[in-house]
Amino acid sequence: MIEREETARSREPRRLLVELGENSYPIWIGEGLMDRLAEKLPPLQPGARIFILTDHHVDAFYGDWAERILREAGYPTRRLSLEPGEATKAFGSLPPIYEALLDFQCTRKDLMITLGGGVIGDLGGFAAATYLRGMPFVQIPTSLLAQVDSSVGGKVAVDLPQGKNLVGCFYQPKAVLIDPLLLQTLPERYFRDGMAEVIKYGCIRDAAFLERLAGLADRNAVMAVMADIIETCCRHKKSYVEADERDLGLRMHLNFGHTLGHAIEASEHYEGHSHGEAVAMGMAAITRISEAMSLTQPGTAEKLEKLLRQHGLPCRMPVEKKKEILAAIATDKKNLGRTLKVVLLKTLGESYLWDASPSFFDAAAGWQAE
Ligand code: GLY
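Its first residue numbered 1, the sequence shown is counted upward by one per residue in the numbering used here.
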């Protein structure tokens, strides 16, 4: 368990409400929130069971702690810990989860808690959506990427060998509980990974937020204001989700940098750059391309690259993989039979959607070496 200060423990957490009619839910954000986990759960019937899904890394730090708090609050609990990593977000991981839920005699009146990063949140959310045609679940994201992005919005899925998130659904959690202090144990690489998504929100709709991020020199400086950063990101995320829950229009802006990012990850069989690193390269490259085509205000790419580098993120595409990356984009487009809608920046803090031609990503500006 990590050290936590008395002041943090007593501070009231912040609450945002994702307003989706009968599927509305709160996002709680607060340092020390984990200690008050049981208070922030949705209403449960007396004797309700709580099933915790986690991975071995997170379990080692927080599994016993979470389970103890819930037991002390009177809930029967069961915990299942899986291998960490993207490979776990597969169909093969589902049967053991369903079996453990059955073995624990979980019904639709009980609750699943996903305690982990994006893999556990997506996989557990999909298991919750499908077990007995849907049981309630609560997200407790433990990675920065999950705290600022994937835990909010109800996208749950598993991967197929052909690509990520190819089977899933929209299934909203009953609550998202975010304790920024959990990030203290996050390895540096995964901290930077999440910073790519943080910077993304600034790029697409919040220039003032980008300026604030530019004033934060290192991880300690970021951590000192982390609750604010998470709140800003979750406010943006919630407003996109409320406007376009099913990702048919406005929500697509959240995919800034992701067409190239996903293609980089696919070309490396998900064993090379992390998601955030790939998205950082994708955001920088697409902005260099759009700037060269006069679709973006001059100077935008340079400012964006400076900020990404400041937060330890890569900006240049892996040129040696160009063929595979372009093939991955073409395959994706062919498989899904749609025009390639990409997110471009007008300037920092303002994005728009653009129908890209097949040669768009081939442009030299995107492939400059360091
Ligand atoms: N992570 C993008 C979305 O939730 O739409």
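Using N, Cα and C, we set each Cβ at its ideal position, and we do this for glycine too.
Beta bridge counterpart(s) of residue i as assigned by DSSP
| i | result |
| --- | --- |
| Pro42 | According to DSSP, which records beta bridges pairwise, Pro42 is partnered with nothing at all. |
| Gly163 | Leu160 |
| Ile264 | Its beta-bridge partners do not exist; DSSP assigns none. |
| Gln139 | Thr114 and Val176 |
| Gly168 | Ala157 |
| Arg316 | For Arg316, which the question treats as bridged, DSSP gives no partner whatsoever. |
| Lys382 | This structure gives no information on residue 382, because the portion of the chain shown stretches from 1 to 370. |
| Tyr190 | None; Tyr190 has no bridge partner. |
| Thr54 | Ser81 and Leu115 |
| Val18 | Tyr25 |
| Glu350 | Thr347 |
Buried or exposed (CB count within 10 angstroms, at least 16 for buried), residue i
| i | result |
| --- | --- |
| Lys238 | buried |
| Gln105 | exposed |
| Glu72 | exposed |
| His269 | exposed |
| Ala395 | With the chain represented from 1 up to 370, any question about residue 395 goes unanswered, as that position is not in the structure. |
| Ser294 | exposed |
| Glu231 | buried |
| Cys233 | buried |
| Gln368 | exposed |
| Val148 | buried |
| Arg15 | exposed |
| Ser10 | Interpretation of Ser10 is limited by its pLDDT of 49, a score under 50 that renders its predicted location unreliable; the figure taken from the coordinates is listed afterwards. By the 10 Å Cβ count, Ser10 comes out exposed. |
| Ile2 | In this prediction, Ile2 has a pLDDT of 44, which is less than 50 and means its spatial position is unreliable; what the coordinates show is noted afterwards. Flag for Ile2 reads exposed. |
| Lys341 | exposed |
| Gln139 | buried |
| Leu102 | exposed |
| Asp218 | exposed |
| Ser357 | exposed |
| Gln172 | buried |
| Ser359 | exposed |
| Gly339 | The residue you asked about is not Gly; residue 339 is Thr in the sequence shown. The residue in question, Thr339, is exposed, as its Cβ has fewer than 16 Cβ neighbours within 10 Å. |
(Q) Is it the case that the region 111 to 118 contacts the region 157 to 172, given that we only count it when at least three CB pairs across the two stretches are under 8 Å? (A) no
(Q) Does the structure place the region 302 to 310 close enough to the region 207 to 221 that three or more beta carbon pairs sit under 8 Å? (A) yes
Q.
Going residue by residue through the region 215 to 249, where are the continuous alpha helix (DSSP H) segments of at least 4 residues, counting only ones entirely within it?
A. 219 to 224 and 226 to 243
Q) Which ranges does the alpha helix (DSSP H) cover as unbroken runs of at least 4 residues, wholly within the region 85 to 132, from first to last along the chain? A) 94 to 103 and 118 to 130
Q.
For the pair the region 166 to 181 and the region 92 to 109, tell me if three or more CB-CB distances fall below 8 Å.
A. no
Q. Taking one C-beta from the region 66 to 84 and one from the region 32 to 47 each time, how about it: are there three or more such pairs within less than 8 Å?
A. yes
Q: May I ask you to verify whether the region 324 to 333 touches the region 275 to 283, counting CB pairs closer than 8 Å and requiring at least 3?
A: no
Q | Cβ contact (3+ pairs, closer than 8 Å) linking the region 121 to 139 and the region 93 to 104 | A | yes
(Q) Restricting to runs no shorter than 3 residues, where is the beta strand (DSSP E) found entirely within the region 275 to 314? (A) none
Q: Kindly confirm or deny that the region 309 to 328 and the region 247 to 254 touch, where touching means at least three C-beta pairs closer than 8 Å.
A: no
Q. Does the region 79 to 95 come close enough to the region 17 to 25 that 3 or more CB-CB pairs lie under 8 Å?
A. no
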